[in-house]
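Asker:
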Amino acid sequence: ERVFQLISGEGLLPGEVMLQNLPSVVAAHVLAPPPGSTVLDMCAAPGGKTTALAALMQDRGKVVAFDRSHKKVEHIRKLAEELGVKCVHAQRMDSTQILAPPKRPPPVPAPNPEAPQRAPRSEPSPGAGSKQS
Numbered sequence: 004e005r006v007f008q009l010i011s012g013e014g015l016l017p018g019e020v021m022l023q024n025l026p027s028v029v030a031a032h033v034l035a036p037p038p039g040s041t042v043l044d045m046c047a048a049p050g051g052k053t054t055a056l057a058a059l060m061q062d063r064g065k066v067v068a069f070d071r072s073h074k075k076v077e078h079i080r081k082l083a084e085e086l087g088v089k090c091v092h093a094q095r096m097d098s099t100q101i102l103a104p105p106k107r108p109p110p111v112p113a114p115n116p117e118a119p120q121r122a123p124r125s126e127p128s129p130g131a132g133s134k135q136s
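Take 4 as the starting number for the sequence shown in my numbering and just add one per residue.
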């Protein structure tokens, strides 16, 4: 539940001003990436921290923005475009799975020792399948 009911800032000086929450701004300023840096934002939605990083980097370098939701990634891309930010590269990725071992197919079960290993093959008998009168 919201603590404060604030008016929406959308549409207010589009492309020039964006309301940011304090943790996003603080995280970006603590990291303080210089222009030309490459930064990975592993939980990027809704895009405030990502765009704050891009602003501190003067839109020079690369901010790779991951989120596991396709819809949220599209929102980050749209936000970066609206703000004229070109260094943001948003992509769908679950950051909790980055270091997970690759998924492998299940192992092939061992053969049943009681199952026949070979089956005789014989040629069809002459006249097999023909109708006798």
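C-beta atoms are modelled at their ideal positions from N, C-alpha and C, and glycine is treated no differently.
Given a cut-off of 8 angstroms, decide if residue 52 and residue 30 are closer than it, judged by their beta-carbon atoms.
Answerer: Taking the first residue of the sequence shown as 1, we reach residue 30 at position 27. Taking the first residue of the sequence shown as 1, we reach residue 52 at position 49. Cβ distance < 8 angstroms, so residue 30 and residue 52 count as in contact.
Asker: Would you call residue 87 buried or exposed, if buried means 16 or more other Cβ atoms sit within 10 Å of its Cβ?
Answerer: By 1-based counting over the sequence shown, the position of residue 87 is 84. By the neighbour-count rule (16 or more Cβ atoms within 10 Å), residue 87 is not buried but exposed.
Asker: Grouping DSSP H, G and I as helix and E and B as strand, with all else coil, what is residue 55?
Answerer: Counted from its first residue, the sequence shown places residue 55 at position 52. Here residue 55 sits in helix by DSSP.
Asker: Are the segment 89-108 and the segment 64-73 touching, with three or more C-beta to C-beta distances below 8 angstroms?
Answerer: Result yes; three or more Cβ-Cβ pairs closer than 8 angstroms.
Asker: Give the range of the beta strand (DSSP E) segment to which residue 102 is assigned.
Answerer: One-based indexing of the sequence shown puts residue 102 at position 99. Per DSSP, residue 102 belongs to no beta strand (DSSP E) and is neither H nor E.
Asker: Spatial neighbours of residue 78 within its chain, please: C-beta separation below 8 angstroms, excluding the five flanking residues on both sides.
Answerer: Along the sequence shown, read from residue 1 onward, the residue named residue 78 stands at position 75. Only 48, 49, 50 meet the Cβ criterion.
Asker: Going by DSSP, name the residue or residues bridged to residue 48.
Answerer: The count along the sequence shown starts at 1 and reaches residue 48 at position 45. Note: residue 48 sits in no beta bridge, so no partner.
Asker: What do you reckon, are the CB atoms on residue 62 and residue 106 nearer than 8 angstroms?
Answerer: By 1-based counting over the sequence shown, the position of residue 62 is 59. By 1-based counting over the sequence shown, the position of residue 106 is 103. No; because the gap between Cβ atoms is not below 8 angstroms, this pair is not in contact.
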